[in-house]
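Colleague:
Protein chains: 2
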Amino acid sequence: MNNLIKKPKIIKVQSVAQSRLFTIEAVELTFPNGVRRIYERMKSFKRESVMIVAILDDTDILLIQEYAVALENYVLSFPKGLIESGEDTYEAANRELKEEVGFGSKKIQTLGQLTMAPSYFSSEMHILIAEELYREKLEGDEPEPLIIQKWPLDNLLSLLDEPNFRDARNVSALFMVREWLVKQGRLTY
Amino acid sequence: MNNLIKKPKIIKVQSVAQSRLFTIEAVELTFPNGVRRIYERMKSFKRESVMIVAILDDTDILLIQEYAVALENYVLSFPKGLIESGEDTYEAANRELKEEVGFGSKKIQTLGQLTMAPSYFSSEMHILIAEELYREKLEGDEPEPLIIQKWPLDNLLSLLDEPNFRDARNVSALFMVREWLVKQGRLTY
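Shown next as structure tokens:
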């Protein structure tokens, strides 16, 4: 991709709506060809997040069932959460693991970064893989205990048949970890 | 996943902020264990969207470069857009293809559905694969002509090395189409 491409010029950024969690901005801009547009986007949280694929005993990965209020249903997801102030990515991943699935990890590595609908959101999610797990539980802010579900490493893609496993970040992470395991010779396609 | 799990009870849904594009709702609910919470979510657009992986000449897939205002940068993406009123998924996909890359397709199939951060958004995106392309251009609402980029089928995963290809929906679609092609014997890992 050509990185010398000329970018639109942002003329004005204005907060147009605000709730406890979200601020919506209207962004007025001029494209290089002179066309003007006003777009809306979410103001950046300025906080990145982590999603962790934890491998238990080299045989299973760990998922949680949590309530997703926009779908009004429970979904299957890898543990995830915001990076707290003062934490690095690995510390955040280890804390979220302890809070959500009751394990810490002695070996956490980064698999990659994902964005989500970058026309509207700028926040970045780090996908990490956690191994060498040990039992340690931290209290999180969950309203109810999360149900933890193991999924066999040797049947990873069958997760895609689950109607409650459709979040694009989770689907991407699943494929990324499979690729990573295959590259190391720990899994075959 | 256990589908008989008892869901939280929604007590009240209230619009708390609104802009031209977005409405934010506060949702008050009680979990089965009695814990009360107020969550925020985006009010549903009531419109689903499509993302199309178009295969040209059985050798390349088609990407567009478009400006993503939340990142304030150009990103690489598969063609995509909202399903218009009266369209089915395939019609929407074909129209978006004509608008964004200047091709129609005689063979469009569904690969799957993705959600995006289902704690906040309920909208669903249909991932489709388009083949047997023919040249036809429709005018879209793009502020500037989109730059179209071909990517070789036999090197699909190298797209993951592009820093501007990180949107989780795009990453998922890339892996999904690769899997689909491998299953048909048209590609090897």
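Respectively, the protein sequence lines represent chains A and B.
Last residue of the first sequence: 188 (numbering that gives the first Met the number 0), numbering continuous.
Last residue of the second sequence: 188 (numbering that gives the first Met the number 0), numbering continuous.
Even for Gly, the Cβ is constructed at its ideal location relative to N, Cα and C.
#1: Just to confirm the assignment: which complete beta strand (DSSP E) runs, minimum length 3, are found wholly within the stretch 62-111 of chain A?
#2: Does the count of Cβ pairs from the stretch 137-146 of chain A and the stretch 87-98 of chain A closer than 8 Å reach three?
#3: If you count every other CB in all the chains shown that lies within 10 Å of the CB of residue 31 of chain A, and 16 or more means buried, which is it?
#4: Does DSSP put residue 134 of chain A in a helix, a strand or coil?
#5: Helix, strand or coil for residue 143 of chain B per DSSP?
#6: Look at the alpha carbon of residue 175 of chain B and the alpha carbon of residue 41 of chain A, and state the distance between them as a whole number of angstroms.
#7: Looking at the unbroken beta strand (DSSP E) that takes in residue 26 of chain B, where does it start and where does it end?
#8: Please list, in chain order, the chain B residues whose beta carbon lies closer than 7 Å to that of residue 112 of chain A.
#9: Give me the chain B residues within the contact set of residue 19 of chain A, using Cβ-Cβ distance strictly less than 7 Å, ordered along the chain.
#10: Distance check for residue 22 of chain A and residue 29 of chain B, CA to CA, integer angstroms please.
#11: List the endpoints of the continuous beta strand (DSSP E) containing residue 156 of chain A.
#12: When the distance is taken between beta carbons, is residue 57 of chain A closer than 8 Å to residue 151 of chain A?
#13: By the 9 Å beta-carbon criterion, what residues does the stretch 72-93 of chain A contribute toward chain B?
#14: Which same chain residues end up closer than 7 Å to residue 111 of chain A when comparing Cβ atoms and leaving out the 5 residues on each side of it in sequence?
#15: Are the CB atoms of residue 13 of chain B and residue 25 of chain B within a distance shorter than 8 Å?
#16: Taking the C-alpha atoms as reference points, what is the distance between residue 130 of chain A and residue 183 of chain A?
#17: Of all the CB atoms in chain A, is at least one closer than 8 Å to the CB of residue 154 of chain B?
#18: Give the interface partners of residue 143 of chain A over in chain B, defined as CB-CB distance under 9 Å, in chain order.
#19: Measure the beta-carbon distance from residue 8 of chain B to residue 49 of chain B and round it to whole angstroms, keeping in mind my assumption that it falls under 8 Å.
Modeller: Short version:
#1: 72-76 and 79-81
#2: yes
#3: By the neighbour-count rule (16 or more Cβ atoms within 10 Å), residue 31 of chain A is not buried but exposed.
#4: strand
#5: coil
#6: 28 Å
#7: Boundaries of the beta strand (DSSP E) harbouring residue 26 of chain B: 22-29, taken from the DSSP string.
#8: 165
#9: For residue 19 of chain A, the neighbours in chain B by C-beta distance under 7 Å run, in chain order, 39.
#10: 26 Å
#11: Here residue 156 of chain A belongs to no beta strand (DSSP E), and DSSP marks it neither H nor E.
#12: It is not a contact, given that the beta carbons lie outside the stated cut-off.
#13: 72, 73, 74, 75 and 76
#14: 126 and 175
#15: yes
#16: 14 Å
#17: no
#18: 7, 30, 31, 32 and 34
#19: About 34 Å; that fails the 8 Å criterion.
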